[in-house]
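Working notes, beginning with the structure itself.
There are 2 protein chains.
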Amino acid sequence: MQLLKERILSEGRVEKESILKVDSFLNHQIDVNLFNEIGKEFHKRFHDENITKIVTIEASGIGIACITAQYFNVPVVFAKKAMSKNLDDDLFESKVCSYTKGVDCTIRISKKYIRKSDKILIIDDFLANGNAILGLKEIIDEAGAELVGAGIVIEKGFQKGGTLLRNMGIRVESLAIIDSMENGKIIFR
Amino acid sequence: MQLLKERILSEGRVEKESILKVDSFLNHQIDVNLFNEIGKEFHKRFHDENITKIVTIEASGIGIACITAQYFNVPVVFAKKAMSKNLDDDLFESKVCSYTKGVDCTIRISKKYIRKSDKILIIDDFLANGNAILGLKEIIDEAGAELVGAGIVIEKGFQKGGTLLRNMGIRVESLAIIDSMENGKIIFR
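Residue numbers (this note's numbering), protein chains in the order written: chain U, 169 to 357; chain L, 169 to 357.
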C-alpha cells in the first residue's frame with residue numbers, strides 16, 4: 169500500500185532492538201484518514217470471504233479494527249490483556265508474549281462473543297514474531313470458529329512471524345512488509 | 169441519546185459493586201454502527217468548538233474516539249497505561265485509579281502529540297469517579313492546551329465524577345446518565 173509506505177518512510181523512526189516507531193500516525197497518535205484507507209484496502213483483499221467478525225487485541229489494534237469493520241459491516245471483538253470487573257468468568261484464554269513490552273500476558277475473550285459459525289478476520293498493527301496472532305488463533309480454534317486470515321498494517325519481514333503463520337496455512341495480508349531496517353534504513357519487500 | 173438508552177436497557181446487565189456490563193456492544197464486543205451514531209451525536213454537541221484533537225485512554229476509549237474523530241476530521245491520541253518500547257522518553261504523565269480494575273496506574277502521552285495550540289475533546293466510554301478525565305486534564309493543563317470538554321457514552325450519575333468535573337467548570341456531555349441501578353433496575357436521569 170503505497171500511501172502507507174510513504175508515511176512510514178517520512179515519519180517512521182528506526183530505533184535499537186528492531187523497533188520501528190510510527191507513533192505519529194499508527195499506535196499513539198492516530199491518523200483516522202489513513203486508517204480509512206487501510207480499512208478500504210483490507211476490505212478489498214477480504215471482501216469475498218463473508219467475514220462475520222473482526223478480532224484484535226487491545227490496545228493498538230482497536231482503532232484499526234473499528235475503522236476497518238465499517239467497510240465489512242461487522243462487529244469487532246477485542247481480546248483483553250487485564251482482568252477486569254467488566255469481564256465474564258466464562259472466557260477463552262491464551263498466553264501471548266509481547267515483543268515491544270517484553271512480558272508475557274494472558275489474553276481473554278468472553279465465550280459469548282466468538283461462535284462456531286463465525287468467520288473471523290484478525291486485524292493488528294504489527295506482525296513481528298506472530299505471538300499475538302497465534303494466541304488469537306488458539307482462541308478461535310477453541311471456539312470452533314473459522315480463521316479466514318490476518319490483516320496486518322506493518323509486517324517486520326526480518327522477524328519470523330510472517331513465515332511461521334504462512335507455513336501454517338494462515339492467509340496473512342500485510343499492507344507494508346519491511347525486509348530490513350539495518351543502519352536505520354527501511355527497505356520494503 | 170435514545171438509541172443508546174434502549175441498547176443499555178435491552179443488553180446491559182447490572183452486577184454487584186455498581187458494575188454495569190455492556191460488553192456486548194461497548195467495551196469488549198463493539199457495535200460499530202452504534203459507535204457511528206455516538207460519533208455523530210458527539211459531533212452535534214461539540215461541532216462549533218474548533219476541536220483539533222480527540223484524546224482518550226487505552227483501551228475501551230480508542231474505538232469510540234476513532235469513529236468519532238471521523239466526524240471532526242482530527243487525529244486521536246490515546247494515553248498509554250503500560251511502558252512500551254514504542255513510547256518516547258519525553259512524556260506527560262499522570263496517575264489514574266481505575267474503578268473497574270481496582271488498581272492505580274500511570275498514564276502517559278508523548279509530549280510531541282499535545283501542543284499548546286490544541287483544543288481538545290476527551291472521549292471515554294464510562295464516567296464513574298472521574299479519575300480518568302482528571303488524569304487527562306492534568307496532562308492537557310501541563311501541555312498548556314485547552315480542554316474543550318468531555319464526551320462520555322455512559323455516566324454513572326450516582327457516582328461522584330460528573331458533579332466533580334462540572335463543578336470544576338468542565339463541560340461534560342454524557343449520552344446516557346444512569347441515576348440508579350438499585351436492585352438491578354436501570355433508571356436514567
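Note that CB positions come from ideal geometry on N, CA and C, so glycine has one too.
Checklist line | Runs of beta strand (DSSP E) lying entirely within the region 174-255 of chain U, each at least 3 residues, in chain order | finding: 181-183, 187-189, 221-225, 244-247
Notebook entry, point to check: What residue does the beta strand (DSSP E) around Glu261 (chain L) start on, and which one ends it?
Noted result: 259-265
Item checked: Where Glu226 (chain U) falls, given that 16 or more other Cβ within 10 Å makes a residue buried -> Buried, since its Cβ has 16 or more Cβ neighbours within 10 Å.
Item checked: Per-residue contacts from His211 (chain U) into chain L (C-beta, under 8 Å) -> Per Cβ cutoff of 8 Å: no residues; His211 (chain U) is ~13 Å from chain L at best.
Next item on the list: Could you pull out every residue in the same chain whose Cβ sits closer than 8 Å to the Cβ of Phe326 (chain L), ignoring the five residues on either side in sequence?
Entry: Ser186, Ile346, Asp347, Ser348, Met349
Next item on the list: Could you check which residue in L:Ile354, L:Leu304, L:Ile320 has the C-alpha nearest to that of Leu259 (chain L)?
Entry: L:Leu304
Note to self: Which residue marks the beginning of the beta strand (DSSP E) containing Lys324 (chain L), and which one marks its end?
What the structure shows: That run of the beta strand (DSSP E) goes 314-324.
Check: Where does Asp309 (chain U) sit, in a helix, a strand or coil, going by DSSP?
Finding: helix
Notebook entry, point to check: Comparing alpha-carbon positions, which option in U:Ile320, U:Ile282, U:Leu255 lies nearest Leu358 (chain U)?
Noted result: Nothing in the structure corresponds to residue 358 (chain U), since chain U is present only between 169 and 357.
Next item on the list: Out of L:Ile291, L:Asp216, L:Gly312, L:Glu306, point me to the one whose CA is closest to Ala233 (chain L)'s CA.
Entry: L:Ile291
Margin query: To the nearest angstrom, how far is the alpha carbon of Gly312 (chain L) from that of Tyr239 (chain U)?
Written below: Going from the Cα of Gly312 (chain L) to the Cα of Tyr239 (chain U) covers about 38 Å.
Notebook entry, point to check: Of all the CB atoms in chain U, is at least one closer than 8 Å to the CB of Glu217 (chain L)?
Noted result: no
Notebook entry, point to check: Would you say Ala344 (chain L) reaches chain U, if we count a Cβ-Cβ gap shorter than 8 Å as a contact?
Noted result: no
Item checked: Rounded straight-line distance, which links the Cα of Arg276 (chain U) to that of Val242 (chain L) -> Approximately 32 Å between the Cα atoms of the pair.
Next item on the list: From the DSSP output, in three-state form, read off Ala296 (chain U) for me.
Entry: coil
Item checked: Residues near Ser262 (chain L) in its chain [Cβ-Cβ closer than 6 Å; skip 5 each side] -> Ile275, Gly303, Glu306, Ile307
Check: Phe246 (chain U) CB to nearest chain L CB: under 8 Å?
Finding: Chain L, which has a Cβ nearer than 8 Å to the Cβ of Phe246 (chain U), makes this yes.
Checklist line | Beta-carbon proximity check, Ser220 (chain L) vs Asp309 (chain L), cutoff 8 Å | finding: It should be noted that the sequence gives Thr, not Ser, for residue 220 (chain L). No.
Note to self: Comparing C-alpha positions only, which one of U:Lys189, U:Arg357, U:Arg181, U:Leu332 sits nearest to Leu343 (chain U)?
What the structure shows: U:Arg357
Margin query: Between the alpha carbons of Lys189 (chain L) and Val182 (chain L), how many angstroms are there, rounded?
Written below: 6 Å
Notebook entry, point to check: First and last residue of the alpha helix (DSSP H) that includes Arg334 (chain U)?
Noted result: It spans 329-335 - the alpha helix (DSSP H) in which Arg334 (chain U) sits, taken as one unbroken run.
Margin query: Once DSSP output is grouped into helix, strand and coil, what is the label at Lys280 (chain U)?
Written below: helix
Notebook entry, point to check: Considering only the beta carbon of each residue, do Phe193 (chain L) and Arg175 (chain L) sit closer than 8 Å?
Noted result: Closer than 8 Å, so yes.
Next item on the list: Check Ile338 (chain L) in the structure and name its three-state DSSP category.
Entry: coil
Item checked: Cβ distance (whole Å) where Lys328 (chain L) is taken to contact Asn297 (chain L) below 8 Å -> 6 Å
Note to self: With DSSP as the reference, identify every bridge partner of Asp272 (chain L), one or two as the case may be.
What the structure shows: Note: Asp272 (chain L) is bridge-paired with L:Cys265 in the DSSP secondary-structure output.
Next item on the list: Kindly indicate which three-state DSSP category Ile354 (chain U) falls into: helix, strand or coil?
Entry: coil
Check: What separation, rounded to the nearest whole angstrom, lies between the Cα atoms of Lys215 (chain U) and Thr236 (chain U)?
Finding: The sequence given here has His at residue 215 (chain U), not Lys. Taking the straight line joining both Cα atoms gives about 11 Å.
Checklist line | chain U contact residues for Asp191 (chain L), given Cβ-Cβ distances below 9 Å | finding: Asn254, Leu255, Asp256, Ser278, Lys280, Tyr281
Notebook entry, point to check: Beta-carbon of Gly231 (chain L) versus every beta-carbon of chain U: anything under 8 Å?
Noted result: yes
Notebook entry, point to check: How about Gln170 (chain U) and Tyr281 (chain L): do their beta carbons lie closer than 8 Å?
Noted result: no
Note to self: Judging by CA-CA distance, which residue of U:Val245, U:Ser228, U:Val264 is the nearest neighbour of Lys249 (chain L)?
What the structure shows: U:Ser228
Next item on the list: Quick one: measure Cβ to Cβ for Glu217 (chain U) and Val316 (chain U), integer angstroms, because I've assumed they're closer than 8 Å.
Entry: 5 Å
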